[in-house]
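There are 2 protein chains.
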Amino acid sequence: MANYKNGLETKESLYQSAKKIFYQKGYDKTTVKDIITDARTKQGLLNYYFGAKENLAVQIYKDFCNDVVFCVDERKAELGSLPRGLLFDMIGYRAYFKALFTDASVTRFYAEVSKLPLFARSMLDLRDYFFNLELEGEAYMGINPRLKERRYFEYLKSLTVGMEIQVFRDVLEKQIDLELQDAVDWFFFDYYSFLFTDGDYIHENIEKSRKVVSRFTFEISPVFEISLSVRPDAKL
Amino acid sequence: MANYKNGLETKESLYQSAKKIFYQKGYDKTTVKDIITDARTKQGLLNYYFGAKENLAVQIYKDFCNDVVFCVDERKAELGSLPRGLLFDMIGYRAYFKALFTDASVTRFYAEVSKLPLFARSMLDLRDYFFNLELEGEAYMGINPRLKERRYFEYLKSLTVGMEIQVFRDVLEKQIDLELQDAVDWFFFDYYSFLFTDGDYIHENIEKSRKVVSRFTFEISPVFEISLSVRPDAKL
């Protein structure tokens with residue numbers, strides 16, 4: 000009975016094995032057999048807990064986003080003098096993009112995941128959460144009058160998700176000749192120009208967020224743990 | 000030897016069978032076996048001519064776009080007084096979107112196709128063609144100075160493809176609460192605001208293109224042939 004595991008252990012094993020092998024071999028080359036062999040379980044249990052390989056990958060992606068948000072959130076006190084709103088969004092976003100590029104095997108994995116049909120749907124849910132949290136709280140509506148309309152909100156969500164997926168897929172795959180930093184800056188400008196009509200205000204915040212994130216450090220373990228931290232000597 | 004076909008006949012049969020069954024049953028539910036049975040050929044020949052089911056679907060999509068462009072182009076003389084450039088692009092685009100929604104089984108097929116990884120790549124190639132044709136000829140660069148930079152060009156191509164895929168996938172699947180007409184108008188405004196900085200100029204052209212396309216008629220045969228035409232009595 001050495002290999003006997005209870006339900007939660009099995010689920011966790013499947014998750015950890017999938018994560019490890021996805022990062023090592025890439026998503027496309029990883030078979031369900033690879034995962035269940037490593038996790039010492041059966042395909043029926045993978046199906047039971049996750050449905051399919053795709054769902055596992057998207058779950059790993061969601062946790063990756065949560066890790067970034069959590070790390071940035073934890074450092075909020077150290078960034079005490081910063082206002083909430085645009086700048087804070089940008090710092091979170093920039094950290095997310097930077098984390099995607101910290102390790103070549105991580106980059107490859109997320110480039111592959113970005114092609115899964117389920118990925119777009121999952122990004123829309125994430126954006127929904129973000130919009131509800133940030134936009135309602137900060138009343139961006141006062142800045143762009145179109146945002147008052149729920150239908151424009153919905154449309155915008157879809158639009159910006161499509162922008163993000165396509166541009167970063169292309170940058171990740173090096174299909175377009177752009178430095179990550181430039182791609183992120185351009186993305187920010189175009190993305191936020193839907194929310195704010197004042198271009199100078201956006202540019203100013205882009206500059207500030209670049210400075211803040213350049214003071215974050217990123218640590219990636221072999222099996223990938225994200226760790227963002229502001230250096231103790233950082234003066235913002 | 001009644002079923003003997005030469006190479007081109009086989010290729011054409013596979014293409015027509017795939018198109019018919021994709022529209023009837025939907026892409027996801029169509030099997031390779033359905034196609035080869037209807038085309039009276041073997042899987043080896045499907046692989047030889049098209050590689051995979053996905054390639055067949057994307058080829059059908061490309062021909063769909065070409066049909067729209069061709070129909071609009073044919074009517075150019077009748078639209079004689081219209082200037083080239085923004086308005087003409089909008090008419091072509093609007094016809095394309097309208098054609099997507101002319102028939103429920105066509106709409107379903109393109110909603111499915113929009114999820115294929117190959118689809119995004121194919122859209123980028125199409126946009127490349129469009130950008131080279133329209134932007135270089137019309138010198139949009141004078142209007143948005145950022146377009147002078149090749150890297151911004153590349154970025155914009157990727158960005159707008161992502162916007163288009165995501166928004167129309169969501170509208171096609173009725174995931175967002177938008178009328179097609181509104182979605183297209185919003186898309187135009189946001190899409191062209193990357194190219195033109197004058198919002199009033201864009202709005203004016205949106206209005207005009209709505210009027211022109213409302214005078215096109217669309218005819219769809221059971222196996223889907225697109226036919227756009229301006230009514231003889233149309234006064235533009």
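Keeping their order, the protein sequence lines are chains E and F.
Numbering-wise, the first sequence is residues 0 to 235 according to numbering that gives the first Met the number 0.
Numbering-wise, the second sequence is residues 0 to 235 according to numbering that gives the first Met the number 0.
A virtual CB, placed ideally from N, CA and C, is assigned to each residue, including glycine.
Quantities reported herein were computed from a predicted structural model and do not represent experimental measurements.
Where does glutamine 42/F land, buried or exposed, given buried means 16+ other C-beta within 10 angstroms?
exposed
If you count every other CB in all the chains shown that lies within 10 Å of the CB of leucine 235/E, and 16 or more means buried, which is it?
Residue placement at leucine 235/E is flagged as unreliable, the pLDDT there being 48, under the threshold of 50; a coordinate-derived value is accordingly withheld.
List the whole-angstrom C-beta distance separating alanine 119/E from isoleucine 164/E, where the pair is believed to meet the contact cut-off of C-beta under 8 angstroms.
6 angstroms
When you compare the stretch 200 to 215 of chain E with the stretch 192 to 206 of chain F, are there three or more beta-carbon pairs, one atom per stretch, that lie closer than 8 angstroms?
no
To the nearest angstrom, report how far apart glycine 25/E and serine 16/E are at their CA atoms.
13 angstroms
What is the DSSP secondary structure of threonine 36/E, reduced to helix, strand or coil?
helix
Using the rule of at least 16 other Cβ atoms within 10 Å of the residue's Cβ for burial, across every protein chain shown, is phenylalanine 186/E buried or exposed?
buried
Residues of chain E with CB under 9 angstroms from glutamine 180/F, in chain order?
Within chain E, no residue comes near glutamine 180/F; the closest Cβ sits about 12 angstroms away, beyond 9 angstroms.
Considering only the alpha carbon of each residue, which of Asn46/F, Ser12/F, Val170/F lies closest to serine 113/F?
Val170/F
Compute the beta-carbon to beta-carbon distance between leucine 179/F and cysteine 70/F, rounded to the nearest angstrom, for a pair I have assumed lies under 8 angstroms.
At roughly 19 angstroms, the Cβ-Cβ gap does not stay under 8 angstroms, so leucine 179/F and cysteine 70/F are not in contact.
How many angstroms separate the CA atom of tyrosine 22/E from the CA atom of serine 104/E?
Rounded to the nearest angstrom, the gap between the Cα atoms of tyrosine 22/E and serine 104/E is 5 angstroms.
Unbroken stretches of the alpha helix (DSSP H), 4 residues or longer, contained in the stretch 71 to 135 of chain E
Within the stretch 71 to 135 of chain E, complete alpha helix (DSSP H) segments of at least 4 residues are found at 85 to 99, 103 to 112, 116 to 129, given in chain order.
Contacts that alanine 119/E makes with chain F (C-beta to C-beta distance below 7 angstroms)
Gln165
Quick one: which chain E residues come within Cβ less than 9 angstroms of aspartate 237/F?
No information on residue 237/F is available, as it lies outside the stretch 0 to 235 that chain F covers here.
In the DSSP assignment, find the beta strand (DSSP E) that holds phenylalanine 217/F and state where it starts and stops.
215 to 218
Spatial distance of methionine 0/F from glutamate 218/F (CA atoms)
With a pLDDT of only 43 at methionine 0/F, under 50, the local geometry of the prediction cannot be trusted, and the value read off the model is given with reservation. Taking the straight line joining both Cα atoms gives about 38 angstroms.
By Cβ distance below 8 angstroms, which residues in the same chain neighbour cysteine 64/F in space, the five residues on each side in sequence not counted?
Excluding sequence neighbours, cysteine 64/F sits near Tyr95, Leu125.
Same chain only: Cβ atoms within 7 angstroms of leucine 45/F, ignoring 5 sequence neighbours per side
Leu13, Val31, Ile34, Ile35
Looking only at DSSP bridge pairs, what is serine 226/F linked to?
Glu218/F
Hey, out of Asp27/F, Leu123/F, Val183/F, Arg39/F, whose CA is closest to glutamate 8/F's CA?
Arg39/F
Just the Cα atoms here: how many angstroms apart are arginine 107/F and arginine 74/E?
46 angstroms
Beta-carbon contacts of asparagine 143/F that lie in its chain and below 8 angstroms, excluding the five residues immediately before and after:
Closer than 8 angstroms at Cβ, skipping near neighbours: Phe193, Leu194, Phe195, Thr196.
If you follow the alpha helix (DSSP H) that phenylalanine 167/F is part of, which residue opens it and which one closes it?
Counting along the chain, the alpha helix (DSSP H) containing phenylalanine 167/F begins and ends at 149 to 171.
Anything in chain F within Cβ reach of tyrosine 154/E, meaning under 7 angstroms, just list it in chain order.
Going along chain F in sequence order, the residues near tyrosine 154/E (Cβ under 7 angstroms) are Val166, Ile175, Leu177, Ala182, Trp185.
With the cut-off set at 8 angstroms, would you say isoleucine 175/F and glutamate 111/E are in Cβ contact?
no
Out of curiosity, what's the CA-to-CA distance linking methionine 122/E and lysine 173/F?
17 angstroms
Continuous alpha helix (DSSP H) stretch holding asparagine 46/E: start and end:
42 to 49
For arginine 126/F, which residues in chain E fall below 8 angstroms Cβ to Cβ?
Those do not exist, as arginine 126/F stays about 11 angstroms from chain E at its closest Cβ, beyond 8 angstroms.
For leucine 155/F, I'd like the list of residues in its chain whose CB is within less than 6 angstroms of its CB, leaving aside the five on either flank, ordered along the chain.
Phe193
For a contact defined as C-beta to C-beta under 7 angstroms, what are the partners of leucine 158/F on chain E?
Met162, Gln165, Val166, Asp189
Just to confirm my understanding: we take valine 160/F, look at its own chain, exclude 5 residues before and 5 after, and list those with CB closer than 8 angstroms. What are they?
Ala119, Met122, Leu123, Arg126
Any Cβ of chain E within less than 8 angstroms of the Cβ of aspartate 169/F?
yes
From the beta carbon of proline 116/F, is the nearest beta carbon of chain E less than 8 angstroms away?
Taking Cβ atoms only, chain E reaches closer than 8 angstroms to proline 116/F, which makes this a yes.
Helix, strand or coil at lysine 28/F according to DSSP, with G and I counted as helix
coil
Find the residues of chain E that neighbour arginine 150/F, judging by a C-beta separation of less than 8 angstroms, and give them in chain order.
Ile175, Asp176, Leu177, Asp181
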